[in-house]
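Here's the structure we're looking at; comments come further down.
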Amino acid sequence: MLAGGAVLGLGATVTLAAWTDTEWVFAGNAAGDGPGLGTSSFEVEQNTTNPYAEATYVQDETNPGGALAFGVSALSLTPGDAVYAPVALRTVEGSIAGSVTLQPAVAADGITTTDPGGALYGALTVRVAVSPTNTVCNAAAFTTGTIVATGPLATAAASTSQPLEGDGDSVQHYCFEITLPASPTLPGGTVLADLQGRTAAPAWNFAAVSQ
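Just so we're aligned: the sequence shown equals residues -17 to -1, 1 to 194 in mature numbering (1 follows the signal peptide of the UniProt record, and there is no 0).
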């Protein structure tokens, strides 16, 4: 290959030549036959069917999400009643680890309720307990588990986040308790009897962040 030339006096030309070569490298895998750069993945799945089976874990990432099973009695609350519903969260296979934090309730999208002025929604209270081992969701869950949220339905959020190991290697079992207090907080001009025949459909977001 011609590398260059030099011109000397008296019209003589001398050509200087050299061998050339190139070497390339790429960001490859250990075997050298694939890409060596990429990103991890983080994905959480839920299960609202207790006892929890592998087939009933799903991903439901938009409001209203999966339906918590508070039971038929939850539609006929009387003052002082409490109802319970479970949900389990874990990462999917192939996911890295992370954590989840329960956010305050908001109205469930697309679900029609009968609650003029939001009096029932404002009267209800919520508690949420979590355990990495206990799958039972009833009043006892709030003794054996860790209470992470308590207060008015519309404002109660988790005080701490809960860890989730990668590849679904750990599960966080949440138990929701909804109570209609015997003496709830009511809007001005509203009495307890005005709550009769109303319905509510709160929805909760578990905000998940990878490690």
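Glycine residues also receive a C-beta, built at the ideal position from the N, C-alpha and C atoms.
Everything numeric in this text was worked out from a predicted model, so none of it was measured.
- Residue state for residue 159 is assigned as strand, using DSSP reduced to three classes.
- Setting aside the 5 residues that flank it on each side, residue 24 is surrounded in the same chain by 77, 78, 79, each with a C-beta closer than 8 Å to its C-beta; the list follows chain order.
- Looking at the backbone, the Cα of residue 7 and that of residue 153 are separated by about 44 Å.
- If you ignore the 5 residues before and after residue 54, its C-beta comes within less than 7 Å of the C-beta of 66, all in its own chain and listed in chain order.
- By the Cβ criterion, the region 83 to 91 is not in contact with the region 162 to 182, since fewer than three pairs of Cβ atoms, one from each stretch, lie closer than 8 Å.
- Taking C-alpha positions only, residue 92 is separated from residue 47 by approximately 5 Å.
- From the listed residues 2, 136, 52, the smallest Cα separation to residue 163 is found for 136.
- For residue 128, no alpha helix (DSSP H) run applies, since DSSP gives it neither H nor E.
- In the three-state reduction of the DSSP assignment, residue 107 falls in the coil class.
- In this structure, the straight-line span from the alpha carbon of residue 169 to that of residue 58 is close to 19 Å.
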